[in-house]
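> Shown below is the structure under consideration.
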Amino acid sequence: MNAAFPTPGADETQRLLSPEELEAALRDIGARRYHNLHPFHRLLHDGKLDKDQVRAWALNRYYYQAMIPVKDSAVLARMTDASLRRVWRQRIVDHDGDGPGDGGIERWLKLAEGVGFERDYVLSTKGILSATKFSVEAYVHFVSERSLLEAIASSLTEMFSPNIISERVSGMLKNYDFITKDTLAYFEKRLTQAPRDADFALDYVKQHATTPELQRQAMAALTFKCTVLWTQLDALYFAYVAPGLIPPDAWTPGTGLVAQKAAPGTGRIAAGDVPRLPRGVRMRHDETRGKHVLLAPERTFDLDDNAVAVLQLVDGQRTVSEMAERLGATYAADPKVIEADILMMLNDLATKRVLER
Ligand SMILES: O=C(O)c1cc(C(=O)O)c2c(n1)C(=O)C(=O)c1cc(C(=O)O)[nH]c1-2
Numbered sequence: 001m002n003a004a005f006p007t008p009g010a011d012e013t014q015r016l017l018s019p020e021e022l023e024a025a026l027r028d029i030g031a032r033r034y035h036n037l038h039p040f041h042r043l044l045h046d047g048k049l050d051k052d053q054v055r056a057w058a059l060n061r062y063y064y065q066a067m068i069p070v071k072d073s074a075v076l077a078r079m080t081d082a083s084l085r086r087v088w089r090q091r092i093v094d095h096d097g098d099g100p101g102d103g104g105i106e107r108w109l110k111l112a113e114g115v116g117f118e119r120d121y122v123l124s125t126k127g128i129l130s131a132t133k134f135s136v137e138a139y140v141h142f143v144s145e146r147s148l149l150e151a152i153a154s155s156l157t158e159m160f161s162p163n164i165i166s167e168r169v170s171g172m173l174k175n176y177d178f179i180t181k182d183t184l185a186y187f188e189k190r191l192t193q194a195p196r197d198a199d200f201a202l203d204y205v206k207q208h209a210t211t212p213e214l215q216r217q218a219m220a221a222l223t224f225k226c227t228v229l230w231t232q233l234d235a236l237y238f239a240y241v242a243p244g245l246i247p248p249d250a251w252t253p254g255t256g257l258v259a260q261k262a263a264p265g266t267g268r269i270a271a272g273d274v275p276r277l278p279r280g281v282r283m284r285h286d287e288t289r290g291k292h293v294l295l296a297p298e299r300t301f302d303l304d305d306n307a308v309a310v311l312q313l314v315d316g317q318r319t320v321s322e323m324a325e326r327l328g329a330t331y332a333a334d335p336k337v338i339e340a341d342i343l344m345m346l347n348d349l350a351t352k353r354v355l356e357r
């Protein structure tokens with residue numbers, strides 16, 4: 001944003017930038033579009049997500065990790081120069097390791113297991129959001145179809161990753177009691193691997209983007225890659241934060257975990273959960289004010305008509321989905337839309353500790 005040479009506008013695309021100007025323009029793209037700016041990352045690093053939302057992140061990001069060496073193999077396959085291949089192949093080794101139990105993918109699996117997942121569930125990639133898969137696969141297609149310069153330039157987001165990794169590791173260790181240094185071991189190696197890879201890719205791009213058109217392509221490739229990272233977080237936000245619409249077949253809290261059963265009263269309420277009022281909380285009609293209220297020890301919450309309609313169905317037996325079906329039939333509305341609204345409302349009440357599952 002404050003780069004000395006901001007991303008050139010359309011009117012400037014005919015000018016050949018010096019290598020330093022090109023680097024500054026590439027850095028400027030990151031300053032505007034890198035995924036450290038995404039609200040999901042802000043929530044993740046600031047400790048504002050619950051355990052299930054952190055799990056959703058770990059699970060979905062596994063797909064990125066698993067596909068990075070596929071992506072790098074596609075890049076490698078385009079390199080006709082052995083000296084380039086010799087450098088690039090290290091990226092594949094970093095992620096795959098030299099044998100079973102080694103490498104970045106393995107370390108990410110440890111991270112996923114560290115937040116409670118069954119290893120086989122993660123490996124199956126079953127619960128991963130389709131939007132995550134589409135984004136990651138778009139990256140693999142991009143490097144297969146575009147020029148080698150564009151393929152290499154698209155990896156340049158790694159110039160910006162050491163900062164976000166440091167912020168993430170310290171933020172998560174500080175803010176989540178279920179995260180340990182061991183769980184985040186994946187990131188330790190990235191702190192040296194990413195700058196090494198990014199330096200090489202940046203030198204390559206500065207040397208080979210020798211016309212305004214090639215420079216424009218390199219900048220467009222980096223912009224594209226920023227969107228690959230950004231859209232993955234959009235998908236996570238939409239499914240697991242707000243409005244909380246988890247698509248069919250995607251992971252739902254409580255599944256795929258080693259310890260299947262969450263402690264009663266904890267975590268986010270999901271569509272398959274059975275919500276109930278905690279002990280000492282009840283709904284009552286306040287005759288003098290002509291309103292329904294939720295009475296909790298030393299606290300009272302006014303309820304609007306929608307909340308009353310929902311809470312009347314909270315009986316400790318029905319799941320949220322079943323409640324949505326009922327209300328959908330009563331109000332002739334789409335139960336999936338109603339379900340999203342109910343989940344938002346119930347989770348709001350859960351954070352106030354007047355509802356549990
Ligand atoms: O934690 C992060 O925010 C982050 C970002 C990026 C990135 O900027 O693409 C990568 C990684 N991590 C990473 O771990 C990784 O292996 C990696 C490979 C690549 C790539 O484009 O080849 N990016 C990234």
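Going letter by letter, the sequence shown gives residues 1 to 357 in full-length UniProt numbering. Every residue gets a Cβ at the ideal spot worked out from N, C-alpha and C, and that includes glycine.
#1: I need the DSSP call for Ala-77, collapsed to helix, strand or coil.
#2: May I ask you to report which of helix, strand or coil DSSP gives Glu-339?
#3: Taking only heavy atoms of ligand 1 into account, decide whether any of them is closer than 6 Å to the Cβ of Glu-158.
#4: Note down the Cα distance separating Ser-144 from Met-159, rounded to an integer number of angstroms.
#5: For Ser-161, verify whether its CB is less than 6 Å away from any heavy atom of ligand 1.
#6: I'd like to confirm the pairing. Which residues does DSSP put opposite Phe-301 in its beta bridges?
#7: So is Asn-60 buried or exposed if we call it buried at 16+ other beta carbons inside 10 Å?
#8: Under a three-way DSSP split, which group does Glu-167 fall into?
#9: When you compare only the Cα positions, how much space is there between Ala-112 and Leu-191?
#10: So what does His-285 bridge to, in DSSP terms?
#11: Below 7 Å between beta carbons: does that hold for Phe-187 and Val-205?
#12: Does the beta-carbon of Arg-289, which I'm using as the reference point, lie nearer than 6 Å to any heavy atom of ligand 1?
#13: My output table needs one value for Leu-129: the three-state DSSP class, helix, strand or coil.
#14: Mind listing, in chain order, the continuous alpha helix (DSSP H) runs of no fewer than 4 residues lying wholly within the stretch 9-56?
#15: Alpha carbon to alpha carbon, how far is Gly-127 from Val-293? Give it in angstroms, no decimals.
#16: Taking just the CA atoms, how far does Lys-110 sit from Glu-20?
With the given structure in hand:
#1: In the sequence shown, the residue the question calls residue 77 occupies position 77. If DSSP states are grouped into helix, strand and coil, Ala-77 belongs with the helices.
#2: Position 339 of the sequence shown, counting from 1, holds the residue named residue 339. In the structure shown, Glu-339 sits in a helix (DSSP, three-state: H, G or I).
#3: The residue given as residue 158 occupies position 158 in the sequence shown. Indeed, a heavy atom of ligand 1 lies less than 6 Å from the Cβ.
#4: Position 144 of the sequence shown, counted from the first residue, corresponds to residue 144. Position 159 of the sequence shown, counted from the first residue, corresponds to residue 159. Rounded to whole angstroms, the gap between the alpha carbons of Ser-144 and Met-159 is 22 Å.
#5: Here residue 161 is taken as the residue at index 161 of the sequence shown, counted from 1. At least one heavy atom of ligand 1 lies closer than 6 Å to the C-beta of Ser-161.
#6: Translated into positions along the sequence shown, residue 301 becomes position 301. Looking at the DSSP assignment, Phe-301 forms a beta bridge with Leu-294.
#7: Start at 1 with the first residue of the sequence shown, and residue 60 comes out as number 60. Counting the other CB atoms within 10 Å of its CB gives Asn-60 a total of 16 or more, which places it among the buried residues.
#8: In the sequence shown, the residue the question calls residue 167 occupies position 167. Helix, per DSSP.
#9: Residue 112 sits at position 112 when you count from the first residue of the sequence shown. Residue 191 sits at position 191 when you count from the first residue of the sequence shown. Straight across, the Cα-Cα distance linking Ala-112 with Leu-191 is about 20 Å.
#10: Counting from 1 along the sequence shown, the entry for residue 285 is found at position 285. Listed as beta-bridge partners of His-285 by DSSP are His-292.
#11: Numbered from 1 along the sequence shown, position 187 holds the residue referred to as residue 187. Numbered from 1 along the sequence shown, position 205 holds the residue referred to as residue 205. Not closer than 7 Å, so no.
#12: In the sequence shown, counting from the first residue as 1, residue 289 sits at position 289. Using a cutoff of 6 Å, the CB of Arg-289 does not count as near ligand 1, since none of the ligand's heavy atoms is closer than that.
#13: Here the question's residue 129 lines up with position 129 in the sequence shown. Judged by DSSP in its simplified three-state form, Leu-129 adopts coil rather than helix or strand.
#14: Contiguous alpha helix (DSSP H) elements confined to the stretch 9-56 occur at 19-33, 39-45, taking only those with 4 or more residues.
#15: In the sequence shown, the residue the question calls residue 293 occupies position 293. In the sequence shown, the residue the question calls residue 127 occupies position 127. Their Cα atoms are separated by approximately 39 Å.
#16: Reading the sequence shown from its first residue, position 20 is the one you call residue 20. Reading the sequence shown from its first residue, position 110 is the one you call residue 110. In this structure, the CA atom of Glu-20 is about 40 Å from the CA atom of Lys-110.
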